[in-house]
Amino acid sequence: MAMELEYDRSLYGVEHKAGPFEITDEIIDRANSSTGETGPAFLSDEGAREAGYRGRIAPPTLCCILVRQVSLPDVKVKFGRTQMHAGQRVEPKAPVYAGDRLTASSHLKDVYTKTGRSGTMVFIVWETTFSNQDGQVVAEVQESFAKRE
Amino acid sequence: MYLDMHSHSVSSDDSRATVEQYVKWIQVLRKRGHTVDGIVLTEHRKFDFDKDYSALASQYNVLVLKGSELDTRYGHFLVYGVTPALTREIDFSDVRMDARALMQAARRHDAIALPAHPGRFGIGLTDYIAQGESFDDVEIVERLNGGSRQGENERADELCQSHNLLGIGGSDAHLTSHIATCMTDFEADIRNESNLVDALLGKAFQPVWLEDIVNGASGS
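Taken in sequence, the protein lines are chains L and A.
If you're matching positions, the first sequence starts at -18 in the numbering used here and goes up one per residue.
If you're matching positions, the second sequence starts at 136 in the numbering used here and goes up one per residue.
Encoded structure:
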């Protein structure tokens, strides 16, 4: 008999909005500091212009930090007792500039089971799209959480 | 010909390697003197009917075939020759499916299913046999798996010897540079998934390590 996962399937198709996130120089400084980023385009307007941008840009992984500020509902998966963060992946779509105001829209992408060396796990996958003040999509972030037996 | 029978591209949830990266890396292996004729993409719990890698395969002269790696209640199983009818009969996402039913369904639909990394501690077929389960339809197992930990391929080897099973080899690559670390040496000339099933049923093959295959010859 197939393993029937119990969770709140009504969350599919529902968008959860968050923001705005003001992209200040201070936020970019902190993101650079956390990763040791030293690329001129991330440090100053001058460095960015020399690299062909209209102004200072944020590192592409900034949205991986911002996504943690998006409040997501409980998927109510009836499986296991322990939940852990299982990873992120980001797909940059356009530069994020200092001074931008980003908004986020998240939706439940998938809930699935898999088995491996450590037993059966359930993965909950959320997909978040970040857009700037002009409505341009700047990044898509996929974030996974795992529940273990 | 030498085929890597077990690999995962970005289509699987836990791989970061693209098919293009794999076929490009195979060019590097070839420059180093190794012979790699093709790979089989065995994505986790799915089959990619919609994916066509023929242009990449042609451009880089690498045979790119598609299969699946399914989770079952008796460990992971590699499936070759997947057809739409098989995917209608078997729910590929069901991690608790009975491997015996999978093997029988596969044969009914001209495909073949066989245990992946049977020596893997905790979830390999070896452990289930030790618990008293029997698998009469198993004739071939993945004897060499590039992702195995120390002792696991040896356990697969012992299983083959004790149960008189044939073995294939696959890298279980999830990263570009892991592709083709283990392969299967087929006597048959394989051009497509149907040929691959026939070659497996023909039983003229053996597992090999990449490092032993230089200029098309086994160094062992």
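Think of the CB as a built atom: it goes at the ideal place given N, C-alpha and C, for glycine as much as any other residue.
* Would you identify the three-state DSSP class for Asp382 (chain A), choosing helix, strand or coil? => This structure does not reach residue 382 (chain A), given that chain A is present from 136 up to 355, and the question cannot be answered.
Practice problem: Less than 8 angstroms between the CB atoms is what I'm expecting for Ala339 (chain A) and Leu164 (chain A), so what's the real figure, rounded? | Solution: Position 204 of the second sequence, counted from the start, is the residue given in the question as residue 339 (chain A). Position 29 of the second sequence, counted from the start, is the residue given in the question as residue 164 (chain A). About 24 angstroms separates the two Cβ atoms, so there is no contact after all.
TODO: Give the single residue among L:Glu108, L:Gln117, L:Thr110, L:Val103 whose Cα lies nearest to the Cα of Tyr(-12) (chain L).
DONE: Stepping through the first sequence from its first residue, residue -12 (chain L) is reached at position 7. It is L:Val103.
- Item | Start and end residues, beta strand (DSSP E) containing Arg284 (chain A) | For this step, residue 284 (chain A) is matched to residue 149 along the second sequence. That residue, Arg284 (chain A), is in no beta strand (DSSP E); it is neither H nor E in DSSP.
field: Close-in-space but distant-in-sequence residues of the same chain around Ala152 (chain A) (CB under 7 angstroms, 5 per side omitted)
entry: Taking the second sequence and counting its residues from 1, one reaches residue 152 (chain A) at position 17. Taken in chain order, the residues that qualify are Ser144, Val145, Ala308, His309, Leu310, Thr311.
Mapping the DSSP letters down to three states, classify Gly68 (chain L) as helix, strand or coil. As a working mapping, residue 68 (chain L) is identified with position 87 in the first sequence. Residue state, collapsed to three classes: strand.
Quick one: is Gly33 (chain L) near chain A, going by C-beta distance under 9 angstroms?
Start at 1 with the first residue of the first sequence, and residue 33 (chain L) comes out as number 52. No, its Cβ sits nowhere closer than 9 angstroms to a Cβ of chain A.
>> Looking at Ile132 (chain A): is its Cβ nearer than 9 angstroms to the Cβ of Leu336 (chain A)?
In response: What the structure shows of chain A is the stretch from 136 to 355, and residue 132 (chain A) is not part of that stretch, so it cannot be assessed.
task: For the region 165 to 175 of chain A and the region 253 to 273 of chain A, state whether three or more C-beta atom pairs, one from each stretch, are separated by less than 8 angstroms.
output: no
**Prompt:** Taking the continuous alpha helix (DSSP H) assigned at Val332 (chain A), which residues delimit it?
**Reply:** Residue 332 (chain A) sits at position 197 when you count from the first residue of the second sequence. Its alpha helix (DSSP H) spans residues 328 to 337.
Note to self: Which complete beta strand (DSSP E) runs does the region 169 to 249 of chain A hold, if anything under 3 residues is left out?
What the structure shows: 173 to 179, 198 to 207, 210 to 215
Quick one: using the 10 Å Cβ neighbour count with 16 as the cut-off for buried, is Met65 (chain L) buried or exposed?
As a position in the first sequence, residue 65 (chain L) is number 84, starting the count at 1. Its Cβ having fewer than 16 others within 10 Å, Met65 (chain L) is exposed.
*Per DSSP, which one or two residues make a beta bridge with Leu89 (chain L)?*
As a first step, residue 89 (chain L) must be located in the first sequence, where it is residue number 108. The partner list for Leu89 (chain L) (beta bridge, DSSP) reads L:Trp107.
query = Is the CB of Phe256 (chain A) under 9 angstroms away from at least one CB in chain L?
reply = For the purposes of this step, residue 256 (chain A) is identified with residue 121 of the second sequence, where counting begins at 1. Judged by the 9 angstroms Cβ criterion, Phe256 (chain A) is in contact with chain L.
Whole-angstrom C-beta distance between Val119 (chain L) and Val71 (chain L), which should lie under 8 angstroms:
One-based indexing of the first sequence puts residue 71 (chain L) at position 90. One-based indexing of the first sequence puts residue 119 (chain L) at position 138. The Cβ separation is near 10 angstroms, so there is no contact.
Using a Cβ-Cβ cut-off of 9 angstroms, state whether Ser142 (chain A) counts as contacting chain B. This model lacks chain B altogether; the protein chains it does include are L and A.
**OP:** Could you spell out the range, first to last residue, of the alpha helix (DSSP H) harbouring Ser99 (chain L)?
**Re:** Taking the first residue of the first sequence as 1, we reach residue 99 (chain L) at position 118. From DSSP, Ser99 (chain L) is part of no alpha helix (DSSP H); its letter is neither H nor E.
Next on the checklist: Tell me the rounded alpha-carbon separation between Glu155 (chain A) and Leu249 (chain A).
Outcome noted: For the purposes of this step, residue 155 (chain A) is identified with residue 20 of the second sequence, where counting begins at 1. For the purposes of this step, residue 249 (chain A) is identified with residue 114 of the second sequence, where counting begins at 1. If I take the Cα positions, the gap works out to 27 angstroms.
Practice problem: Go ahead and label Leu37 (chain L) buried or exposed: buried means 16 or more other beta carbons lie within 10 angstroms of its beta carbon, across all protein chains shown. | Solution: Here residue 37 (chain L) is taken as the residue at index 56 of the first sequence, counted from 1. Here the sequence assigns Arg to residue 37 (chain L), which means Leu is not the residue at that position. Flag for Arg37 (chain L) reads buried.
At a threshold of 8 angstroms, does Arg208 (chain A) count as lining the ligand ADP (C-beta to nearest heavy atom)? Ligands in the displayed structure: none, and consequently the ligand ADP is not present.
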